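All letters in the sequence shown, in the order written, are residues 0 to 556 by numbering that gives the first Met the number 0. Beta carbons are placed, not taken as given, at the ideal position from N, Cα and C, and that holds for glycine. Just so we're clear, the structure is a prediction, and the values are computed from it rather than from any experiment.
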Amino acid sequence: MKKKVLIIIVLVLAIAAGGAALLRTLLYKHPMELYIEAEGNYLNSYINELKSLYKNFHEYSLPYLSGKYNTEYEIWAEVNPEGLPGEFQNMVSLLKNLRIKVNANTDMDLEGGSVLASLLIGNTPLADIHAYYDRRNLYFSIPVIMPDTWFKVDREHVGEVYQLVSERYGIEFIRPKSAPAKAGFHNAFYFSESDMDSLARDYGSFLKSFLKEDNLSYGSTASYIVNDEKVNVREVVIRLSPDEIGGLVGQLADKLANDEAFLKVTFGNLSSLVNYLDNTGILQALKFVDINDYKKTLNGANDPETLKKMLLWFKDVSFKGDATMSVLIGPNGNILNRTIEMPVRIPGGSEYTIKLVSGKSSIKEEGNRFFEVEVASGKTVRFGVNESTNNATGQDGREKVIKFWYDDGFVEENGIIEIIDNIDELTLVKNKRISYELSGIDKRTGKAESIKGSIEIQRIENDKYKTRDENLRITADIDLFSRNLDISGLGLNIKSKDTFGIEKIEPLDIAGKEIIVLDDLTEEGISQLEGRVLMSFGMFYLKNKELLDSITVFSGQ
């Protein structure tokens, strides 16, 4: 009897042990399988976030993309002259009293419209500009200078007219070819959900085909602290030899440089946006870049060879040792932390050790993540970004805080952007407030600089009357010792109202008016026009002498 019991116990234990081994075999995932699934989840989360952002952007822009609508703008500045150099004091006093009002009608189907822009000093009108445009021509008139006279220019020749004026009078100025428009900003972007999904699958397959199973192994980390919460994790370590990481980077650079879908979504969008901002004069006004010098670099669509050279530069990067990446994967299959370390030698011979750390800073809330980089080569440079999001809705609002920092041992810079979105449940007004602060300190001198302020947007939409009202207010306090500036209380206000679905736009009535075609003017015609303008301005001055003299006093002339 005892012998039978012993045999039964042994058999039960053997079956249990075999079952456990079978269960382990069935449940075990090779590190490659676990990593590829987690990387896919990681990439898809970013793609879904991009889809959501573009969807919201497209829905906001939709009323401006077709049909007819009217827009009314009022723009004025808030300026505190204290802290400005003396030569700007009087001009600031003038700016505080300036107002610009614009009433524009747009017909997107005909690519035309009309604009009435008024310049006021306080509540006193100073000058108006009337304009009409269609696909081909632009007409404009300045009644206070030359009443009953309209100027005409072929839109394709606007650049030539600008150049003529610049050369004749030796002046440089902003040269817009079109007015800023929400439809234009929207159309500057290309976005396709199917293309994004295809890119994710394509590059996922590329990565999987390159990695070998012996490149991956499980690490020893079993838990991870995220925002004071302990989470069980599996660590996967990927190690590539110098030849392997060099091959991966080289093949990836080749693939990116010849991938039309990738180039269209990335550099194509950048190129389109830069061209749009340049055509409206915004880049010129900000002196952000000299578009003529940098156009080839930015415009991958027009100069793909330059772009390819930028990407293929990475093929000449070499690696002095193994590159390692550790990923911590949570119970839901998401990557919670990623650490990459690699020793790099760039073309020219400079050597660096690069460490990148990124991950989630919250398990429960989306949009909570961080990214840090450390580059060491003689001295160490560190920079990073930390994003936190509170996804509450309604009156409490949604809050996002983005912090970024840079430290190279000599200069330390910090920035914080706080974005709060909420809806007034009583009035249904949508509110957005963006607070920002940028600061830096030179550790060698102890001197600090800062720029801080806010951007406030209030929007309300009335579906019954097909209107959208927006109030925008931008403020800034600037303390820059390097520019001898210490200014507080700067502000810009833009009040606008859009009315959609208007029935018609009154056509340009030029019956009995004089038409001057600017792109056909001869040298003699220009001289005659100059004389007429000077005579008309003299009459305008006499009529508005008191107001214009006050402007002269304000500006210190």
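Q: For Gly329, count neighbouring C-beta atoms within 10 Å of its own C-beta (all shown protein chains included) and say buried if the count is 16 or more, exposed if not.
A: Indexing the sequence shown from 1 puts residue 329 at position 330. By the neighbour-count rule (16 or more Cβ atoms within 10 Å), Gly329 is buried.
Q. The alpha helix (DSSP H) with Asp108 in it runs from where to where?
A. The count along the sequence shown starts at 1 and reaches residue 108 at position 109. Unbroken run through Asp108: none, as it is neither H nor E.
Q: For Gln162, count neighbouring Cβ atoms within 10 angstroms of its own Cβ and tell me buried if that reaches 16, exposed if not.
A: If you number the sequence shown from 1, residue 162 lands on position 163. The residue is exposed, with fewer than 16 neighbouring Cβ atoms inside 10 Å.
Q: Could you check the C-alpha separation between Ser317 and Lys151 for me, to the nearest Å?
A: On the sequence shown, position 318 is the one that residue 317 refers to. On the sequence shown, position 152 is the one that residue 151 refers to. Going by the C-alpha atoms only, they are around 59 Å apart.
Q) Under a three-way DSSP split, which group does Val356 fall into? A) Against the sequence shown, residue 356 aligns to sequence position 357. In the structure shown, Val356 sits in a strand (DSSP, three-state: E or B).
**Q.** Same chain only: Cβ atoms within 6 Å of Leu491, ignoring 5 sequence neighbours per side
**A.** Position 492 of the sequence shown holds residue 491. The answer, listed in chain order, is Ala76 and Ile473.
Q) Who does Gln250 pair with in a DSSP beta bridge? A) Against the sequence shown, residue 250 aligns to sequence position 251. Its beta-bridge partners do not exist; DSSP assigns none.
Q) Just the Cα atoms here: how many angstroms apart are Ser271 and Asp497? A) By 1-based counting over the sequence shown, the position of residue 271 is 272. By 1-based counting over the sequence shown, the position of residue 497 is 498. For Ser271 and Asp497, the distance between alpha carbons rounds to 26 Å.
Q.
In chain order, what are the residue ranges of uninterrupted beta strand (DSSP E) at least 3 long that sit wholly in the region 503 to 528?
A. 513 to 516
(Q) DSSP has Ile334 in a bridge; who is on the other side? (A) Mapped onto the sequence shown, residue 334 falls at position 335. Paired residues: Ile328.
**Q.** Buried versus exposed, by CB contacts within 10 Å (16 or more), Glu234
**A.** In the sequence shown, residue 234 corresponds to position 235, counting from 1. When all chains shown are included, Glu234 counts as buried.
**Q.** Three-pair Cβ contact test at 8 Å for the region 324 to 342 versus the region 47 to 58
**A.** no
Q: Could you have a look at Phe382 and say whether DSSP puts it in helix, strand or coil?
A: On the sequence shown, residue 382 is found 383 positions in, with the first residue counted as 1. It is a strand residue.
(Q) Is it buried or exposed, Gly299, if we count other Cβ atoms within 10 angstroms and call 16 or more buried? (A) By one-based count along the sequence shown, residue 299 stands at place 300. Residue placement at Gly299 is flagged as unreliable, the pLDDT there being 47, under the threshold of 50; the coordinate-derived value follows with that caveat. Label assigned to Gly299: buried.
**Q.** Host beta strand (DSSP E) of Ile224 (start-end)
**A.** If you number the sequence shown from 1, residue 224 lands on position 225. Note, Ile224: beta strand (DSSP E), Ser222 to Val225.
Q: Report the rounded CA-to-CA distance for Val516 versus Asn102, giving the unit in angstroms.
A: To locate residue 516, count along the sequence shown from 1; it is residue 517. To locate residue 102, count along the sequence shown from 1; it is residue 103. Cα to Cα, Val516 sits roughly 25 Å from Asn102.
Q: Spell out a yes or no on whether the region 176 to 189 and the region 533 to 545 are touching, meaning 3 or more CB-CB pairs, one atom from each, closer than 8 Å.
A: no
**Q.** Close beta carbons around Met145, own chain, < 8 Å, minus the five adjacent residues each side
**A.** The residue given as residue 145 occupies position 146 in the sequence shown. These residues qualify, in order along the chain: Arg531, Val532 and Ser535.
Q) Do you know how far the Cα of Val264 is from the Cα of Tyr72? A) One-based indexing of the sequence shown puts residue 72 at position 73. One-based indexing of the sequence shown puts residue 264 at position 265. C-alpha separation (whole angstroms): 33 Å.
(Q) Residues in the same chain with beta-carbon distance under 7 Å from Thr444, minus the five sequence neighbours each way, listed in chain order, please. (A) For the purposes of this step, residue 444 is taken as the residue at position 445 of the sequence shown. So the list is empty, once near-sequence residues are dropped.
Q. Shortest alpha-carbon distance to Asp557 belongs to which of Tyr464, Asp321, Lys95 and Ser177?
A. Any question about residue 557 goes unanswered here, given that the chain covers just 0 to 556.
**Q.** beta strand (DSSP E) runs wholly inside the region 36 to 89, at least 3 long, in chain order
**A.** 67 to 77
Q) Looking at the structure shown, is Tyr435 part of a helix, part of a strand, or coil, going by DSSP? A) Along the sequence shown, one-based indexing puts residue 435 at 436. DSSP places Tyr435 in strand when its eight states are reduced to three.
**Q.** Contact set for Pro346: own chain, Cβ-Cβ below 8 Å, skip 5 residues either direction
**A.** Taking the first residue of the sequence shown as 1, we reach residue 346 at position 347. Result list for Pro346: Trp312, Asp315 and Val316, in chain order.
Q) Beta carbon of Ala322, beta carbon of Arg238: below 9 Å? A) In the sequence shown, residue 322 corresponds to position 323, counting from 1. In the sequence shown, residue 238 corresponds to position 239, counting from 1. Yes, Cβ-Cβ distance for Ala322 and Arg238 is below 9 Å.
Q | Between the CA atoms of Phe190 and Asn40 - distance to the nearest angstrom | A | Position 41 of the sequence shown holds residue 40. Position 191 of the sequence shown holds residue 190. Computed Cα separation, rounded: 21 Å.
Q | Pairwise C-alpha distance: Tyr138 and Ala126 | A | As a first step, residue 126 must be located in the sequence shown, where it is residue number 127. As a first step, residue 138 must be located in the sequence shown, where it is residue number 139. Between Ala126 and Tyr138, the C-alpha separation is close to 17 Å.
Q) Quick one: is Val225 buried, meaning 16 or more other Cβ sit within 10 Å of its Cβ, or exposed? A) Numbered from 1 along the sequence shown, position 226 holds the residue referred to as residue 225. It counts as buried.
Q | alpha helix (DSSP H) segment containing Thr279, residue limits | A | Within the sequence shown, numbered from 1, the residue matching residue 279 stands at position 280. Asn268 to Thr279 is the extent of the alpha helix (DSSP H) around Thr279.
Q: Please report how far the alpha carbon of Tyr131 lies from the alpha carbon of Ile353, in whole angstroms.
A: Residue mapping note: residue 131 aligns to position 132 of the sequence shown, counting from 1. Residue mapping note: residue 353 aligns to position 354 of the sequence shown, counting from 1. Going from the Cα of Tyr131 to the Cα of Ile353 covers about 56 Å.
Q: Just the C-alpha distance for Leu64 and Thr388, rounded to the nearest angstrom, thanks.
A: For this step, residue 64 is matched to residue 65 along the sequence shown. For this step, residue 388 is matched to residue 389 along the sequence shown. About 32 Å.
Q) Do Lys429 and Glu417 have their C-beta atoms closer together than 9 Å? A) Reading the sequence shown from its first residue, position 430 is the one you call residue 429. Reading the sequence shown from its first residue, position 418 is the one you call residue 417. No, the Cβ-Cβ distance between Lys429 and Glu417 is not below 9 Å.
Q. Grouping DSSP H, G and I as helix and E and B as strand, with all else coil, what is Thr265?
A. As a first step, residue 265 is located in the sequence shown; it is residue number 266 there, counting from the start. The answer is helix: DSSP assigns Thr265 an H, G or I state.
Q.
To the nearest angstrom, how far is the alpha carbon of Pro124 from that of Ser117?
A. Stepping through the sequence shown from its first residue, residue 124 is reached at position 125. Stepping through the sequence shown from its first residue, residue 117 is reached at position 118. Spanning the two alpha carbons is a distance of roughly 7 Å.
Q | As assigned by DSSP and simplified to three states, the class of Thr426 | A | Here the question's residue 426 lines up with position 427 in the sequence shown. Thr426 falls in the coil class under three-state DSSP.
Q: Check the C-beta distance from Val232 over to Leu306 and give it rounded, since I have them as a contact under 8 Å.
A: Here residue 232 corresponds to residue number 233 of the sequence shown, with the count starting at 1. Here residue 306 corresponds to residue number 307 of the sequence shown, with the count starting at 1. In fact, because the Cβ distance is near 39 Å, the residues do not count as touching under 8 Å.
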